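Have a look at the structure below, then the notes.
Numbering (the working numbering), first residue to last: 738 to 1018.
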């Protein structure tokens, strides 16, 4: 009887756990499903009660109006350019710094690395005003460089790549030096190819962070043609007379869809990069 009661308790706990997980997933997925559904609805159906998840009369008019009335195509291209450039430059400089911390021994290395990690404790908002004043003086306000440059030296990226580079044996680098390779060539032709899973994972993180960045672009971008897609959607919400919810949902779909596609395309390497980097602490 005790064994049967024990099994019943375990099954009951599993059922409760699965129900909790299902509710948690539903709470996370439902807003996305509602957003995709509302993007293909007329305004009257969006506010219809009771609400329906599947549109009765699907329409793409919200998407057409978004591109006809606003330069949203340009805004998407701006986001793609800024996010791609920021991710690529951040990967290069973070990997280069991580290579120095992981494979070189010099005086004060550990102190410098701890100081670098300490910068992660500084709230992001503390740096906004100094950055804005600096960029205004060098005339980078309303320029793409003002969005790309701040994330080029990322403490988390350096830490992440350093941990992964510890997995690469020093003997491999020594043999390359014996063959006449310079340190920079070793970095480009040996280190970076071997760090591909970590670079993929970190690249996705950097791309998504830059793509979704809202506060800093809102501060330094002024003209409509320079806006990123996220800020452009915010501008749609600030209409003087009415809020075009259908256009906002359509724009949100166009902003979220590339990120979902990107993650699905590289999810295996992303997971491999995240898990492999955790082997050595």
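Positions of the beta carbon are idealized from the N, C-alpha and C atoms, including for glycine.
Because the structure is a prediction, the values reported are computed rather than measured.
Short Cβ contact (8 Å threshold) for residue i with residue j
| i | j | result |
| --- | --- | --- |
| residue 879 | residue 958 | yes |
| residue 888 | residue 835 | no |
| residue 812 | residue 969 | yes |
| residue 990 | residue 772 | yes |
| residue 903 | residue 839 | yes |
| residue 832 | residue 931 | no |
| residue 895 | residue 858 | no |
| residue 938 | residue 1007 | yes |
| residue 869 | residue 956 | yes |
Exposure label - residue i; buried when at least 16 CB within 10 Å
| i | result |
| --- | --- |
| residue 841 | exposed |
| residue 964 | buried |
| residue 763 | exposed |
| residue 827 | buried |
| residue 861 | exposed |
| residue 872 | buried |
| residue 1000 | exposed |
| residue 994 | exposed |
| residue 1002 | exposed |
| residue 757 | exposed |
| residue 992 | buried |
| residue 934 | buried |
| residue 988 | buried |
| residue 774 | buried |
| residue 760 | exposed |
| residue 848 | exposed |
| residue 749 | exposed |
| residue 909 | exposed |
| residue 986 | buried |
| residue 754 | exposed |
| residue 784 | exposed |
Same chain, Cβ closer than 7 Å to residue i, neighbours up to 5 away in sequence not counted
| i | result |
| --- | --- |
| residue 810 | 804 |
| residue 961 | 808 |
| residue 770 | 790 |
| residue 819 | 881, 884, 885, 947, 965 |
| residue 802 | 984 |
| residue 913 | 923, 927 |
| residue 846 | 838 |
Cut-off 6 Å between Cβ atoms - residues of its own chain near residue i, not counting five sequence neighbours on either side
| i | result |
| --- | --- |
| residue 815 | 965 |
| residue 905 | 931 |
| residue 891 | 827, 831 |
| residue 940 | 824, 828 |
| residue 1009 | 934 |
| residue 877 | 883 |
| residue 751 | none |
Own chain, CB closer than 8 Å to residue i, minus 5 neighbours either side, in chain order
| i | result |
| --- | --- |
| residue 779 | 794, 796, 798, 983 |
| residue 1018 | Residue placement at residue 1018 is poorly supported in this model, since its pLDDT is 45, which falls under 50; the coordinates still yield a value, given next. These residues qualify, in order along the chain: 900. |
| residue 777 | 792, 795, 796, 797, 799 |
| residue 980 | 973, 974 |
| residue 1011 | 938 |
| residue 856 | 892 |
| residue 874 | none |
- Message: With three or more C-beta pairs closer than 8 Å as the rule, is the region 917–931 touching the region 943–953?
- Response: Taking 8 Å as the limit for Cβ pairs, the verdict is that the region 917–931 does not touch the region 943–953.
- Message: Quick test of the definition: if touching needs 3 or more C-beta pairs under 8 Å, does the region 862–881 touch the region 948–957?
- Response: yes
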